[in-house]
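**Student:** Residue numbers (this note's numbering): 16 to 173. Where a beta carbon is used, it is the ideal one built from N, C-alpha and C, also for glycine. Below you will find the structure I want to go over with you.
So this is what it looks like as structure tokens:
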């Protein structure tokens, strides 16, 4: 009987913490297989997969890209007074500025429908919050980012 209880406990523990967006301290908290990492820069740690594409994240997640740095020198969006075309090595980001493709970092992030789907200290980023706080979904080629695009759980700014 003790053996059965021990096996059940070990199996339950092995299944804990392996969802995208779960809290973590080290990568093995996210997966014993090494296929997920722990982003310790996020509040409480964030289980993720780095370097994703539009169709490579697990079912509970979406591929989200962030751009390192702040780029506000070349306006390419709808509301620009002097709209420019981005160069071939740039993208027009969701907030309407040209950003170098080389500054892009991609993570699988937990999908959400509203704020209740995210853990404490995290927000469910919709289109408006993406523009304000960063991050945008990586969608299939030719598919525009709009209000039907995946929302995701990300750390709320302090």
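Quick one: Cα of residue 15 to Cα of residue 33, how far?
**Tutor:** The requested residue 15 is not part of the displayed model; the chain covers only 16 to 173.
**Student:** Can you give the beta carbon distance from residue 151 to residue 79, rounded, assuming they're within the 8 Å contact cut?
**Tutor:** About 7 Å separates the two Cβ atoms, so the contact holds.
**Student:** Report the start-end ranges of each alpha helix (DSSP H) in the segment 101 to 155 that is 4 residues or longer and not cut off at the edges.
**Tutor:** Counting only runs of 4 or more, we get 142 to 148.
**Student:** Where do the N-terminal and C-terminal ends of the beta strand (DSSP E) with residue 89 fall, by residue?
**Tutor:** From DSSP, residue 89 is part of no beta strand (DSSP E); its letter is neither H nor E.
**Student:** Does the distance from the C-beta atom of residue 95 to that of residue 102 stay below 9 Å?
**Tutor:** Not in contact: residue 95 and residue 102 (Cβ atoms no closer than 9 Å).
**Student:** In three-state DSSP terms, what is residue 29?
**Tutor:** The pLDDT assigned to residue 29 is 43, lower than 50, so where the model puts this residue is not dependable; a value taken from the coordinates is nonetheless given after this. DSSP places residue 29 in helix when its eight states are reduced to three.
**Student:** According to the neighbour-count rule (16 or more other Cβ atoms, all chains shown, within 10 Å of its Cβ), is residue 155 buried or exposed?
**Tutor:** Exposed, because fewer than 16 other Cβ atoms sit within 10 Å of the Cβ of residue 155.
**Student:** Just to confirm, is the Cβ distance from residue 76 to residue 136 under 9 Å?
**Tutor:** Cβ atoms of residue 76 and residue 136: not closer than 9 Å.
**Student:** If you check the beta carbons only, do residue 104 and residue 121 fall under 9 Å apart?
**Tutor:** No. Outside cutoff.
**Student:** On the three-state DSSP scale, how would you describe residue 52?
**Tutor:** Correct three-state label for residue 52: strand.
**Student:** Under 9 Å between the Cβ atoms of residue 142 and residue 108?
**Tutor:** Their beta carbons are not under 9 Å apart, which means residue 142 does not touch residue 108 by this criterion.
**Student:** Helix, strand or coil for residue 170, going by three-state DSSP, please let me know.
**Tutor:** Residue 170: strand per DSSP, three-state reduction.
**Student:** Confirm, please, whether the CB-CB distance from residue 59 to residue 52 is below 9 Å.
**Tutor:** Their beta carbons are not under 9 Å apart, which means residue 52 does not touch residue 59 by this criterion.
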